[in-house]
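Per full-length UniProt numbering, the sequence shown runs over residues 1 to 128.
Quick reminder that beta carbons are idealized off the backbone N, C-alpha and C, glycines included.
Worksheet: one structure, shown below.
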Amino acid sequence: MERKDELAVQIKSDIGNWVTEHTEVVRVSEDSYEVATTQIDAYGDTVYCFVQEVGSLYQVSDDSHILFKLDPGQTDPELYQTAENVALGAGFDFDEKTCTISVTTDEDSLAQAVIRLAQLQVAISYLG
């Protein structure tokens, strides 16, 4: 039983190390970061999230990328409505004017918000 517990700890550690090695974070301005996540969308592309400092909080967004990728001409209102419903249902905000999916969070929940938004973008990418 002890060996299995050690293996579980090793697997957990290795996953954390792999995610760290394969996540890129680039500062793009004084208060903004671009995060290349480990997630891959339905098109086989890396999923990006954008983090902007807003006072003492952080806004994590897709910067309108996922819906623009699926329908750049905004010709499918049903796709946008479905994506909005999915985003809102997952606890994210949806800006109807810019089609940006986002969430505002504190520093303690920032990494979780990035991962959750990346996963949401993957799910939405399969709508297209």
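Please say whether Gln121 and Val51 have beta carbons closer to each other than 7 Å?
Translated into the one-based positions of the sequence shown, residue 51 becomes position 51. Translated into the one-based positions of the sequence shown, residue 121 becomes position 121. No, Cβ-Cβ distance for Val51 and Gln121 is not below 7 Å.
To which residues of the same chain is Ser32 closer than 8 Å at the C-beta, ignoring the five residues directly before and after it?
In the sequence shown, the residue the question calls residue 32 occupies position 32. Result list for Ser32: Phe50, Val51, Gln52 and Glu53, in chain order.
Cutting at 6 Å between CB atoms, please list the residues of its own chain near Ala113, excluding the five before and the five after it.
In the sequence shown, residue 113 corresponds to position 113, counting from 1. Cβ within range, chain order: Val60, Val103 and Thr105.
Inter-residue spacing [alpha-carbon to alpha-carbon] between Tyr58 and Leu7:
Counting from one through the sequence shown, the residue named residue 58 turns up at place 58. Counting from one through the sequence shown, the residue named residue 7 turns up at place 7. Answer to the nearest angstrom: the Cα atoms are 36 Å apart.
Exposed or buried, Thr98, counting other C-beta atoms within 10 Å across all chains shown (16 or more means buried)?
Taking the sequence shown and counting its residues from 1, the one referred to as residue 98 is at position 98. By the neighbour-count rule (16 or more Cβ atoms within 10 Å), Thr98 is not buried but exposed.
Assuming Ala118 contacts Thr37 under a Cβ cut-off of 8 Å, what Cβ separation, rounded to an integer in Å, is found between them?
Position 118 of the sequence shown, counted from the first residue, corresponds to residue 118. Position 37 of the sequence shown, counted from the first residue, corresponds to residue 37. That pair is a contact at about 4 Å.
Which of helix, strand or coil DSSP assigns to Thr75:
The residue labelled residue 75 in the question sits at position 75 within the sequence shown. In this structure, Thr75 counts as coil in the three-state DSSP scheme.
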